[in-house]
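Undergrad:
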Amino acid sequence: MALVDKSISFNGTCSVEEKNHFVNHSYNLLKFANEARQDGRFNDITIHFEKKLIRANKMVLSCYSEYFNAMFNTELDEKYKDDVEVHGVEPESFEKLVDFMYTGKININTNNVCELLAVCDYLQVLAVKELCIRYLSKMMSPQNCITIQVLADRFTIPQITEQFNKCFVTNYQQVVSSKHFKKLSKDDVIKLLQSTHGKVNVSSDLLYKAVMNWVKLDLASNENYLSEIIKFVDFYQMSPKMLQNEVSVEPLIRKLGDLSYPLFDAVLQQSKNTETRFYYLEKSLISLSGTNILTKVTKFDLRTKQWSQLPDLPVGQDKAAAVVIDDVLYYLGGDAMRNGRCTTNIVHRLKLKGKILKWEKVAPMNVKRWGFGAAVLNGTIFVFGGADDRLAKVLSGEYYVVSLNKWIKLKPMKIARHGHSIVAHNGHLYSLGGHSGKQITSSVERYDPLLDEWKDVAPMQTRRGWFAAVVLNNAIYAIGGYDGNESLSSVEKYNLNNDTWVYAKDMKIEKNRHSACVAQNKIYVVGGVNSNGKVVKSIEYYDDQTDKWSVVGETEVELYNHSLVAV
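Position one of the sequence shown corresponds to residue 220 (this note's numbering), numbered consecutively onward.
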């Protein structure tokens with residue numbers, strides 16, 4: 220007998236649109252399933268622990284856990300069993316997860332989040348693992364971020380690691396001073412340093428302090444690990460004061476002097492060899508800006524003797540400075556010359572090995588300056604002197620920490636000067652010549668970054684301003700310039716061993732406001748202005764083995780008050 224008479228008719232009924240209905244009955248379904256589980260109905264699997272049995276349904280477990288889904292839906296022995304053992308899991312945490320599967324509810328707090336995360340990761344209960352991750356993310360602070368990062372590293376949680384990196388940089392002092400850092404095991408310290416090495420812009424000074432604090436907390440046990448952990452401290456990026464005042468006098472570091480890591484003594488040794496170590500790799504000269512072509516950047520190929528264009532500078536500045544660190548070209552300060560003098564402190568960089576060559580702005584110098592000197596020592600940019608918009612001479616100096624994108628002030632020179640030159644050699648910086656305010660000078664002073672002090676050394680034999688200076692084969696060369704009366708073709712060579720200057724072979728053409736650099740173990744001089752005010756277009760190079768100057772080519776445009784580097 221049919222349940223309903225099929226002959227029933229609704230003729231005469233007003234038109235009603237056909238409609239599909241959706242009823243969310245998941246709550247009722249879960250409620251019934253949970254009640255049935257508790258009553259012992261429909262349970263087809265028993266999970267065995269050492270002192271506890273938990274009954275459940277294979278379908279429900281498989282729905283929420285990839286671990287059980289694989290166990291019950293592949294040809295494993297457990298597929299056909301009605302009881303299985305789960306090892307390495309606390310029964311209390313597992314029971315919480317089963318309750319969640321049947322109710323959709325779970326309590327996560329500081330007391331259980333670590334164990335829940337571990338169990339969820341093991342059983343692949345992704346929904347609860349995500350809740351644990353959110354909880355850890357919300358509770359992260361400078362005081363506990365290290366503990367949370369250890370969990371993130373153990374269970375591969377990239378979003379937590381990213382958050383930790385930001386917290387680590389922003390609150391570094393608090394992080395490394397926390398009790399959590401000091402209680403880390405050696406392996407966790409290494410993992411932490413590995414996870415941030417090269418990715419987090421942390422000062423080498425602070426990183427060194429953190430490592431030493433950890434070692435000294437339990438010196439008897441941790442001293443043996445110092446040689447392994449100190450590898451993550453980049454001594455070449457460390458401030459001069461830190462090297463001098465702490466590293467150089469630290470007994471634990473002194474004990475490691477024979478190791479191959481870039482420790483204190485290696486920093487000094489590296490600076491001695493900087494000028495010649497990679498000379499054979501330099502293939503081109505790069506000229507930047509100049510009075511008549513403020514934004515232009517051009518490259519001269521030393522093999523083909525051809526010029527080519529690089530991306531224009533975002534802002535044109537002459538009487539600026541350019542340096543190169545690790546295939547990154549930096550252009551600093553200068554005079555923008557917009558409706559009169561416009562001194563700047565802006566700094567741009569160009570990554571020469573980047574897929575797209577594009578200038579980008581980095582932190583500006585603390586002081587606006589033009590006609591100043593700049594040099595690179597141990598991977599750090601140093602600038603000193605120059606002048607401002609009012610033509611007032613600038614005494615101050617500062618250095619740029621690449622990893623921090625920050626400029627830090629230094630002790631000023633003894634004499635304020637602009638139109639001078641700065642070179643780095645043998646672990647020191649030398650400031651040569653320039654205009655001292657009253658006259659062009661021949662004086663030279665040497666800066667010791669470890670002691671943060673300046674000392675006078677032998678003056679040049681000729682007064683020089685707006686000249687070029689370079690280091691070649693353990694000697695400093697002062698090239699051309701202006702002595703207050705005329706442009707110079709003379710060249711002087713400084714001998715560090717006996718603190719004396721001697722003349723080298725004159726250039727072929729006198730010039731000032733030119734630029735020079737060392738490439739392929741030769742000195743290249745480009746551009747400048749002669750005594751008659753005419754721009755010199757020839758490119759000369761000097762071979763110190765023959766003491767001879769040669770002309771190698773010409774510039775395509777008039778270059779003076781420009782910058783020059785070799786790459």
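We put the beta carbon where it would ideally sit given N, CA and C, even for glycine.
Looking at the structure shown, is A346 part of a helix, part of a strand, or coil, going by DSSP?
TA: Three-state result, A346: helix.
Undergrad: Identify, in the order they occur along the chain, each residue of the same chain with its Cβ nearer than 6 angstroms to the Cβ of D407, setting aside the five sequence neighbours on each side.
TA: Excluding sequence neighbours, D407 sits near V369.
Undergrad: Between which residues of its own chain and N171 is the CB-CB distance below 7 angstroms, once the five residues before and five after are set aside?
TA: Since the first residue shown for the chain is 220 and the last is 786, residue 171 is missing from the structure and cannot be characterised.
Undergrad: Can you check the segment 513-590 for any beta strand (DSSP E) of at least 3 residues that lies completely inside it and give the ranges in chain order?
TA: You should have 516-520, 526-529, 540-544, 547-554, 562-570, 578-581.
Undergrad: Where do the N-terminal and C-terminal ends of the alpha helix (DSSP H) with H644 fall, by residue?
TA: Where H644 is concerned, there is no enclosing alpha helix (DSSP H), although the beta strand (DSSP E) it sits in stretches over 640-644.
Undergrad: On the three-state DSSP scale, how would you describe A785?
TA: Residue state, collapsed to three classes: strand.
Undergrad: Kindly list the residues whose CB is nearer than 7 angstroms to the CB of Q382, restricted to its own chain and excluding five residues on each side of it in sequence; keep chain order.
TA: Here the set comprises S356, M359.
Undergrad: I think V317 touches I376, with their Cβ atoms under 8 angstroms apart; what is that distance to the nearest whole Å?
TA: V317 to I376, Cβ: 24 angstroms. No contact.
Undergrad: Mark A439 as exposed unless 16 or more other C-beta atoms lie within 10 angstroms of its C-beta, in which case mark it buried.
TA: Label assigned to A439: exposed.
Undergrad: In chain order, what residues of the same chain have a beta carbon less than 7 angstroms from the beta carbon of P678, not counting five sequence neighbours either side?
TA: The answer, listed in chain order, is S661, S662, V663.
Undergrad: Among K277, A541, L576, which one has its Cα closest to the Cα of F291?
TA: The candidate whose alpha carbon is nearest that of F291 is K277.
Undergrad: Look at the alpha carbon of D546 and the alpha carbon of V784, and state the distance between them as a whole number of angstroms.
TA: Taking the straight line joining both Cα atoms gives about 11 angstroms.
Undergrad: Would you kindly report the start and end of the unbroken alpha helix (DSSP H) that includes N247?
TA: That run of the alpha helix (DSSP H) goes 245-258.
Undergrad: Would Q456 be called buried (16 or more neighbouring beta carbons within 10 Å of its own) or exposed?
TA: Per the 10 Å Cβ criterion, buried.
Undergrad: Assess contact between the segment 690-710 and the segment 732-751, defined as three or more Cβ pairs (one per stretch) separated by less than 8 angstroms. Is contact present?
TA: Short answer: they touch.
Undergrad: Between which two residues does the alpha helix (DSSP H) containing R473 stretch?
TA: 470-473 is the span of the alpha helix (DSSP H), which, as asked, contains R473.
Undergrad: Could you give the C-beta distance for I758 and E773, rounded to a whole number, given that I count them as a contact under 8 angstroms?
TA: I758 to E773, Cβ: 6 angstroms. Contact.
Undergrad: Span of the beta strand (DSSP E) holding V595?
TA: Looking at the DSSP string, the run of the beta strand (DSSP E) that includes V595 is 592-596.
Undergrad: Quick one, are the C-beta atoms of F601 and A540 less than 8 angstroms apart?
TA: No. Outside cutoff.
Undergrad: Is it the case that the Cβ atoms of V347 and F313 are separated by a distance below 8 angstroms?
TA: No, they are not a contact pair.
Undergrad: Cβ of V305 versus every heavy atom of the ligand MN: is any distance shorter than 7 angstroms?
TA: Annotation note on the ligand MN: not contained in the displayed structure, which lists no ligands.
Undergrad: Using 8 angstroms for Cβ pairs, my map puts S640 next to L651. What's the rounded Cβ distance?
TA: Contact holds; Cβ gap of about 5 angstroms.
Undergrad: How many Å lie between V430 and V468 at the Cα?
TA: Distance between the alpha carbons of V430 and V468 is about 16 angstroms.
Undergrad: Am I right that L778 and G509 are in contact with their C-beta atoms under 8 angstroms? What's the rounded C-beta distance?
TA: So it is a contact: roughly 5 angstroms between Cβ atoms.
Undergrad: Give me, in chain order, the residues of the same chain whose beta-carbon lies closer than 6 angstroms to that of P668; leave out the 5 immediate sequence neighbours on both sides.
TA: So the qualifying residues of the chain are P459.
Undergrad: Could you check the C-alpha separation between W433 and N441 for me, to the nearest Å?
TA: Approximately 8 angstroms, taken between the alpha carbons.
Undergrad: Out of G307, I365, T366, T322, which has the shortest C-alpha to C-alpha gap to C339?
TA: That would be G307, whose Cα lies nearest to the Cα of C339.
Undergrad: Specify the secondary structure class of I634 as computed by DSSP and reduced to three states.
TA: Of the three classes helix, strand and coil, the one that applies to I634 here is coil, per DSSP.
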